[in-house]
Amino acid sequence: MGLNCHMMSKPKKFQKRIECEVLIDDVEKLEKRGDVTIDPAFKQEIIAEASKTRGNYRSSIVERKHIDAAKELTSDPDITIRRADKAAAYVIINTSEYLNKIDDILSDTTKFAKINKDPTEALKLKINKLISKNNSANTTIKFGKLSASEFLDILKTHNARGAIASLDVESLFTNVPVDRTINYIINRVYNNDSIPPLDVPEPVLRGLLECCTKEAPFTSPRGNKYQQIDGVAMGSPLGVLLANFFMGCVEEEVFKKISKPDIYCRYIDDIFIKTTSHYEAEQLKLCLQDTSGLTFTIESSSDKSMPFLDVLVTQEEESFITNVYVKPTNTGHCLNGESECPQRYKDSTIGAYIRRALTHCSTWQLMHKEIQRSTQVLINNGFSERDINRQTKNIMENWYNPNATKKSQDITIFYRAFFSTAHQEERIISQIVHRNVKPADQERRIKLQIYYKNKNTSNLLRNSPSQTKETKQKSHVVYHMQKRKL
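Reading the sequence shown from the start, the letters are residues 1 to 486 in full-length UniProt numbering.
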């Protein structure tokens, strides 16, 4: 089937009619703007197509025996099936062992409180009352995290002299002090001269934060109801936000007491540092522990190498050498090349491996080895060498010849399809659009963008600005590159 590509049941006719009406409306808007011309037959053909739900919506890979086996497993009361937390896999565990592990976790009365009555309705009334006081204010705040590309840029601007190490916070999410974090947030929002305060009264914001963190109920596998009174629940949408905010405030306090290392990069609970000595790294660890109340572990570099995110950092005399880091526990699984996912999803999987090799590997030799390794991983997952070589060639050409990629002048039309194994519906809609809709400017072309998610996906696609890669290179010249030490 392929990772995160699940077969849908056959859609209702009204669902397709709605999407066809949206398609007609979008094309007519383009015509009014003067971007396209529409053949009179377009609307009739789309309306005729809207009443048809052709295509095979059953998998040709998953057979009846597989479905029966899955039903037999799920109906067995002695086993419990759960999706793995950090991998695209499922875990089958003995039910009694699973329940005992859950009971051990919930027995911590400093983190969880057992409740006898479901407080959901009372909580809804409280939240609605708080929101109505503020007239349903809605403010969007962008939240950024350190990416691998930003980390690589930092390494390029620093020399490699010194000691590198990594710090890790033990069980950060479940140990985030909620009351202290809420106080940090309130202080930053209402007592900070560098940013304007929100239009939300302080008691309202505090009440909403407490509702989301300390009063949200959940039901255990045994059917008992609990509230998590401290720490942040794993998987909670607020988990990363609160953990990152708390760590950021702790860092501010720490670096008022001691000097900041030459390199200090943190991704949630993983920290990469470069200090003048191992003693300085140990002092930083102790100061972080004393200030936060959390437990930190430190790992020094082995053979002058240290992994961080998916980057393996190696110290040379003056500069850092970087490569793709693959964890020893990596299973080598990815989207299956023989799955029933659309081809563009498979091309994206190939592209992700190749682009990572281009961005992460600092030498040609390392990049070549990583592309070879990635190619073997893709072949092991059912991808053909032909598709891998085709996509690799396209990416390499666009990467090293950015001038060859002209700015897109496409007129993009969006259509939501319902995933079927034959992709027949997609082909027919595409034929109707390209046959009856023509660009007013002959130098432009019509591009039909088909997606399978909800309307929000379309909005993201529509609102995403096309980013062009700037370059200072000139054509018709030969460049001679020399490695420069930082």
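Even glycine gets a Cβ: it sits at the ideal position worked out from N, Cα and C. Being a predicted model, the structure only gives us computed values, none of them experimental.
Non-local C-beta neighbours of SER259 in its own chain, meaning closer than 7 Å and more than five positions away in sequence, are absent.
Counting only runs of at least 4 residues, the stretch 236 to 273 fully encloses the following alpha helix (DSSP H) elements, listed from N- to C-terminal order: 239 to 257. Under the three-pair Cβ rule at 8 Å, the stretch 181 to 201 does not count as touching the stretch 330 to 339. Listed in chain order, the alpha helix (DSSP H) runs fully inside the stretch 266 to 325 are 278 to 292, counting runs of at least 4 residues. Where ALA89 is concerned, there is no enclosing alpha helix (DSSP H), because DSSP gives it neither an H nor an E.
Judged by pairs of C-beta atoms under 8 Å, the stretch 362 to 371 does not touch the stretch 379 to 390, as fewer than three such pairs exist. Residue environment: VAL437 is assigned as buried (16 or more neighbouring CB atoms within 10 Å of its CB, all protein chains considered). Taking a contact as a CB-CB distance under 8 Å, the pair LEU294 and LEU172 counts as one, their CB atoms being some 7 Å apart.
Assignment of PRO177 by DSSP, reduced to helix, strand and coil, places it in the coil class. Nearest C-alpha to LYS327 among GLU318, ILE186, GLN343 and ASP310: ASP310. In this chain, PRO197 is not harboured by any alpha helix (DSSP H), its DSSP state being neither H nor E. The Cβ-Cβ distance between PRO119 and PRO217 falls below 8 Å. A Cβ-Cβ separation of about 5 Å places ILE92 in contact with ILE81 under the 8 Å criterion.
The C-beta of GLN391 has 16 or more other C-beta atoms within 10 Å across all chains shown, which makes the residue buried.
Rounded to whole angstroms, the gap between the alpha carbons of LYS447 and CYS265 is 41 Å. For ASN94, the pairing in a beta bridge is given by DSSP as ILE79. When the Cα atoms are used, ILE38 and GLU28 turn out to be separated by approximately 8 Å. In this structure, the beta-carbon distance from ALA440 to ASP35 falls below 8 Å. The DSSP-derived three-state label of ARG416 is strand.
Between the alpha carbons of ILE46 and ILE432 lies a distance of about 7 Å. No Cβ-Cβ contact shorter than 8 Å links ALA165 with ALA84. The beta carbon of ALA50 sits closer than 6 Å to those of LYS16, ARG17 and CYS20, all from its chain and outside the five residues before and after it, given in chain order.
Excluding the 5 residues flanking it on each side, LYS304 has same chain C-beta neighbours closer than 7 Å at THR314 and GLN315, in chain order.
The C-beta separation of VAL169 from VAL232 comes to about 13 Å, leaving the pair out of contact by the 8 Å criterion. If you check the CB distance, VAL254 and CYS287 come in under 8 Å.
Measuring C-alpha to C-alpha distances from THR331 to each of LEU123, ASN224 and LYS86 identifies LYS86 as the nearest.
Where ILE446 is concerned, the enclosing beta strand (DSSP E) starts and stops at 446 to 451. Ranked by Cα distance from ILE298, the options GLU97, LEU167, LYS117 and ASP25 are led by LEU167. Looking only at TYR400, PHE308 and ALA357, the smallest Cα-Cα distance to LEU146 is reached by PHE308. SER96 and ILE229 have their alpha carbons spaced roughly 26 Å apart. Per DSSP, VAL36 lies in no alpha helix (DSSP H); the unbroken beta strand (DSSP E) holding it starts and ends at 36 to 38. Inter-residue distance for GLN289 and VAL240 is about 20 Å (C-alpha atoms, whole angstroms).
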